[in-house]
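If you read the sequences in order, they're chains W and S. Following our numbering, the numbering of the first sequence begins with 1 at its first residue and continues without gaps. Following our numbering, the numbering of the second sequence begins with 1001 at its first residue and continues without gaps.
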Amino acid sequence: MTTYALPAALAEIVDDFQALTEPDRLQLLLEFSRELPALPERLQDHPELLEQVVECQTPLFLTVETEESEGGEVVRLYFRAPAEAPTTRGFAGVLHEGLDGLSAAEILAVPDEMPDLLGLTRAITPLRMRGMSAMLGRIKRKVAAVSH
Amino acid sequence: MDVAAETNEKFAAYAHPERLVSTQWLADALAGDSGPSTSGSLVVVESDEDVLLYETGHIPGAVKVDWHTDLNDEVTRDYVDGDAFARLASSKGISRDSTVIIYGDKSNWWAAYALWVFTLFGHEDVRLLDGGRDKWIAEGREISTETSSTVPADYPVAERNDAPIRAFKDDVLAHLGKPLIDVRSPEEYTGQRTHMPAYPQEGAMRGGHIPTAASIPWGRAAAEDGTYRSREELEALYLGEAGLKPGDDVVAYCRIGERSSHTWFALKYLLGFDSVRNYDGSWTEWGNAVRVPIAKGTERGEVASAS
């Protein structure tokens, strides 16, 4: 599989994972779980603005917003996942770092099987990987709904 | 067993109190004062649903066993074999005579599953930390993010002995007419849902339950703090509500056999049923199998007369 279709930030993350051994990939995912930014206050006070991704084993909530930037409209991503769910948080961290601030078109062009490129399927198990695919799918559906 | 069992009033009421330890007991044992001498014969194992949770902080010295990658066979839907289990145990510093204390997240749901798998291999002294990971953390006890260094131990290749505690689909068909406990959520039991809330990837073609199974969701055996309920409360659940009688031959099931391990532990060790089997094929097998009987709704249903 090649990563040419991925946005630069996401391609870099995929390359970082691919360069590591399996145990180190898990460590990297753990780092992403730690780096997942907390919700801005305005969303913390309004949990109803977040949507639950029910396909994930642990409660993950996310929302997307658009904002104007110099280069045009970009998408901002917001996630909330509990500290007791580091794998889910790690997936959210990867998607946040890889996709936040991109245009809707760029996000919608990310291949659905992108999570498979991280090389985590064996260490995480296919069952758990499906949570990440579901997360990406949900983001794309929401992006399609809010973009113009 | 070299490590003496904990004695306290709550545990003393259980049929096999030596299968549980409290957080205080473990803290004392690890501190080496006032607790039993551990002298390397005690190994603490964390087993969680989330494959990375151990890395975020665990009981100092505890080793990690992942239910999926360590205990399940990668290809066949089955558990690892004796060779792989011996390699796993050895790499975790576990000897055949080690006292293994298992704990985990979600009221020990996955820890009980790991304990059940250890029991398939006849590991004699394996106990649960009552209340598990959440209780340990809630009590502000020490947590470490250091990966525990282990000295590989000798562990013999033990043949897995499934029959006493594991039921297969055909065993369950032959068991029909004897007590079954369905530990899934009420929505899964009635057939309203074909998967557990938030776990759609473990779905089934058909919803409902195995005819005559009593519905006792697994979590009802656990108190707010994740510890097992008292003997009296467990008897009210399983003897009272489910209608089990002492000496019954019981099969428990859920979706893939993990939640029912928690119930299996309660029936086997806390209430003392000698013959309790966990049907790990559970609903992901039964609800997808062709021409097995299924009951829908809140009624337990009946077993069709033998033909």
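Glycine included, C-beta positions come from ideal geometry on N, C-alpha and C.
| Roughly how many angstroms separate the alpha carbons of T1007/S and I1210/S, rounded to a whole number? | Computed Cα separation, rounded: 39 Å.
| request: For the segment 1163-1200 of chain S, list the alpha helix (DSSP H) runs that are entirely contained and at least 4 residues long, ordered along the chain. | output: As far as the segment 1163-1200 of chain S is concerned, its whole alpha helix (DSSP H) runs of at least 4 residues are 1169-1175, 1186-1190.
| request: Determine, using beta carbons only, whether T1194/S comes closer than 8 Å to chain W. | output: Judged by the 8 Å Cβ criterion, T1194/S is not in contact with chain W.
| message | To be precise: take each residue of the segment 112-139 of chain W, compare its Cβ to all Cβ atoms of chain S, and keep it if any distance is under 7 Å. Which residues remain? | response | Taken in chain order, the members of the segment 112-139 of chain W whose beta-carbon sits within less than 7 Å of a beta-carbon on chain S are A123, I124, T125, L127, R128, R130.
| request: Return the CA-CA distance between D1050/S and A105/W, expressed in angstroms with no decimal places. | output: If you take the alpha carbons of D1050/S and A105/W, they lie about 33 Å apart.
| Local conformation of E1139/S per DSSP, three classes | Three-state DSSP puts E1139/S in coil, outside helix and strand.
| said: For P47/W, would you say it is in contact with chain S, using Cβ-to-Cβ distances shorter than 8 Å as the test? | reply: It does not; no Cβ of chain S falls within 8 Å.
| request: Please report how far the alpha carbon of T1145/S lies from the alpha carbon of L120/W, in whole angstroms. | output: Going by the C-alpha atoms only, they are around 22 Å apart.
| message | I want to see whether chain S comes within less than 8 Å of G93/W, judged by CB atoms only; does it? | response | No, because no Cβ of chain S sits closer than 8 Å to the Cβ of G93/W.
| task | Helix, strand or coil for H1209/S, going by three-state DSSP, please let me know. | result | It is a strand residue.
| said: Between which residues of its own chain and L102/W is the CB-CB distance below 7 Å, once the five residues before and five after are set aside? | reply: Residues P7, V74, V75 of the same chain have their beta carbon placed closer than 7 Å to that of L102/W, with the five preceding and five following residues left out of the count.
| query | Residues of chain S with a CB under 8 Å from the CB of L30/W: which are they? | reply | At a C-beta separation below 8 Å, L30/W has these neighbours in chain S: L1052, E1055, T1056.
| query | Along the chain, where does the beta strand (DSSP E) that runs through L1234/S open and close? | reply | For L1234/S, no beta strand (DSSP E) segment is defined; the enclosing uninterrupted segment is the alpha helix (DSSP H) at 1231-1235.
| query | Among the residues of its own chain, which have a CB less than 6 Å from the CB of A81/W, if the five just before and after it don't count? | reply | L60, T88, R89, A92.
| Where E1285/S falls, given that 16 or more other Cβ within 10 Å makes a residue buried | Counting C-beta atoms within 10 angstroms of its own C-beta, E1285/S has 16 or more neighbours from the protein chains shown and is therefore classed as buried.
| task | Measure from the alpha carbon of D1028/S to the alpha carbon of each residue in A1214/S, E1142/S, E1258/S, then state which is nearest. | result | Answer by Cα proximity: E1142/S.
| Against chain W: residues of the segment 1061-1094 of chain S by CB proximity under 9 Å | Answer in chain order: D1066, H1068, T1069, N1072, E1074.
| request: Within its chain, find whatever has a CB closer than 7 Å to the CB of F1118/S; leave out the 5 residues flanking it on each side and keep chain order. | output: Excluding residues within five positions, the ones whose Cβ falls inside 7 Å are V1100, V1126.
| task | Please work out which residues of its chain come closer than 8 Å, Cβ to Cβ, to P1152/S, disregarding the five sequence neighbours upstream and downstream, and give them in chain order. | result | Contacts found: S1090, S1091, G1093.
| said: Can you list, in chain order, the residues of its chain with a C-beta nearer than 7 Å to that of E1074/S? Leave out the 5 residues immediately preceding and following it. | reply: If the five residues before and after E1074/S are omitted, its C-beta is found closer than 7 Å to no C-beta atom of its own chain.
| field | Within chain S, the residues that E97/W reaches when beta carbons sit closer than 9 Å | value | Within 9 Å of the CB of E97/W, no CB atom of chain S is found; the nearest one sits about 17 Å away.
| task | Report the residues of the segment 67-94 of chain W with a CB closer than 8 Å to any CB of chain S, ordered along the chain. | result | Those residues of the segment 67-94 of chain W that come within reach of chain S (Cβ to Cβ, closer than 8 Å) are A83, E84, A85, P86, T87, T88, G90.
| Taking only beta-carbon atoms, is D1280/S less than 8 Å away from chain W? | By this cut-off, D1280/S is not an interface position.
| Pairwise C-alpha distance: E113/W and M1/W | Because M1/W carries a pLDDT of 49, less than 50, the predicted location of this residue cannot be relied on, and no value is offered for it.
| query | CB-CB under 7 Å to G1301/S, same chain, minus the five flanking residues each way: which ones, in chain order? | reply | The residues are P1211, T1212, A1295.
| field | Straight-line Cα distance separating S1098/S from L1042/S | value | Cα-Cα distance, rounded: 6 Å.
| query | Can you round the beta-carbon distance between A1163/S and H1175/S to whole angstroms, since I take them to be within the 8 Å contact cut? | reply | Between H1175/S and A1163/S the Cβ distance is about 13 Å, and since that is not below 8 Å, they are no contact.
| Contacts of D1225/S in chain W (Cβ-Cβ under 9 Å) | Correct list: empty, because the minimum Cβ distance to chain W is about 15 Å.
| query | Are any of the Cβ atoms in chain S nearer than 8 Å to that of L26/W? | reply | Interface residue, yes.
| request: Can you tell me which of D1130/S, E1124/S, A1062/S, K1135/S puts its alpha carbon nearest to the alpha carbon of L1270/S? | output: Closest by alpha carbon: D1130/S.
| query | Using the beta-carbon count (16 or more within 10 Å), is M129/W buried or exposed? | reply | Label assigned to M129/W: buried.
| message | Under 8 Å, Cβ to Cβ, is there at least one residue of chain W near D1105/S? | response | At least one C-beta of chain W is nearer than 8 Å to the C-beta of D1105/S.
| Segment contact, 8 Å Cβ cut-off, at least three pairs: the segment 1101-1113 of chain S with the segment 1213-1228 of chain S | A contact is defined here as three or more CB-CB pairs under 8 Å, and the segment 1101-1113 of chain S meets this definition with respect to the segment 1213-1228 of chain S.
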